[in-house]
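Q: With UniProt numbering, letter number 35 in the sequence shown gets 41, and the count goes up by one each step, no holes. Structure in structure tokens, see below.
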Amino acid sequence: TKTLSFSVLGLPIHLLDNYPGWLIAQLHQQLGGHVITLNAEMTMQAEKNAKLAEIIQQADLVIPDGSGVVLYLWLKGKKVRRCPGIELAETLLLYAGQLSKPMPVFFFGGAPEVAAKAAEMWQQRCPKLAIAGTQHGYLSTEEELTLHQTLKEQQPAVILVGLGVPRQELWIAENRHLCPKAIWIGVGGSLDIWAG
Ligand code: UDP
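Dropping the structure here:
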């Protein structure tokens, strides 16, 4: 399933016509995956952060999120369209929200209330969407352990993690073994936007 990829400063970018389509197929086959939404700031962080660079290199899908990354690809003759991470996540949520066999989504990150508010907004927008749970992004060690347990038990199909870069990427890499069949996406400030 590994797709054609192109390297930006040593980091892969997967070149696909249809990113949501790839993710939806991955979901149905329960193959799981870590999605990175690459922008210029992240590539600069990865230059100084070997762990982040390694995680990006090993991610299942790296999409060109930022306009800087897209411009770089165009200058190299790769005419890709920008795929903002928030739009990818929204397409996935809309898809999950119209299924008769639910694919539960977990919302994690942001200040207290943000994940819950974002989930509530999506529940209103898509009444059939199954919400596996929500958790704010400022956890004590004990809350973190509870979250691990919850994820293990719930096995959400999609786990949206909004802790900012690189915290969300490191957290996903460390914890994705808890739900190997899930799609994990670092969504940055998207939860804040959805929460309004
Ligand atoms: N955040 C969090 N826990 C932390 C640090 C940050 O949940 O320990 C959240 C913060 O509340 C915000 C998000 O992470 O919702 C970071 O958003 P930002 O727009 O900075 O992310 P970016 O997309 O720029 O990485």
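Beta carbons: idealized from backbone N, C-alpha and C, even for Gly. Being a predicted model, the structure only gives us computed values, none of them experimental.
1. Tell me whether N45 is buried or exposed, calling it buried when 16 or more other Cβ atoms sit within 10 Å of its Cβ.
2. Whole angstroms is fine: what's the gap from L157's alpha carbon to K82's?
3. Between G39, V171, I189, which has its C-alpha nearest K57's C-alpha?
4. Give the secondary structure of Q141 by DSSP, where H, G and I count as helix, E and B as strand, and everything else as coil.
5. Taking the beta carbon of Q174 as the centre, do at least 16 other beta carbons fall within 10 Å, making it buried, or is it exposed?
6. Using a 10 Å radius around the Cβ and a threshold of 16 neighbouring Cβ atoms, would you call A117 buried or exposed?
7. In angstroms with no decimal places, state the Cα-to-Cα distance between A124 and K134.
8. Would you say L153 touches the ligand UDP, meaning its beta carbon is less than 7 Å from a heavy atom?
9. In this structure, does DSSP put L166 in helix, strand or coil?
10. Any chance you could list the beta strand (DSSP E) runs of at least 3 consecutive residues sitting entirely within the stretch 28-67, in chain order?
11. Say the cut is 7 Å; is the CB of V171 nearer than that to a heavy atom of the ligand UDP?
A: The answer reads as follows:
1. Residue 45 sits at position 39 when you count from the first residue of the sequence shown. The Cβ neighbour count for N45, taken over all protein chains shown within 10 Å, is at least 16; the residue is labelled buried.
2. Start at 1 with the first residue of the sequence shown, and residue 157 comes out as number 151. Start at 1 with the first residue of the sequence shown, and residue 82 comes out as number 76. L157 and K82: Cα-Cα distance of roughly 41 Å.
3. Stepping through the sequence shown from its first residue, residue 57 is reached at position 51. Ranking the options by Cα distance to K57, first place goes to V171.
4. Within the sequence shown, the letter at position 135 stands for residue 141. Reduced to three states, the DSSP call for Q141 is strand.
5. Here residue 174 corresponds to residue number 168 of the sequence shown, with the count starting at 1. Label assigned to Q174: buried.
6. Here residue 117 is taken as the residue at index 111 of the sequence shown, counted from 1. A117 is exposed by the Cβ-count criterion.
7. By 1-based counting over the sequence shown, the position of residue 124 is 118. By 1-based counting over the sequence shown, the position of residue 134 is 128. The alpha-carbon separation between A124 and K134 amounts to approximately 15 Å.
8. Position 147 of the sequence shown holds residue 153. Result no, Cβ not under 7 Å from the ligand UDP.
9. Indexing the sequence shown from 1 puts residue 166 at position 160. The answer is strand: DSSP assigns L166 an E or B state.
10. Here the runs fully enclosed are 39-44.
11. Taking the first residue of the sequence shown as 1, we reach residue 171 at position 165. V171 Cβ: within cutoff of the ligand UDP.
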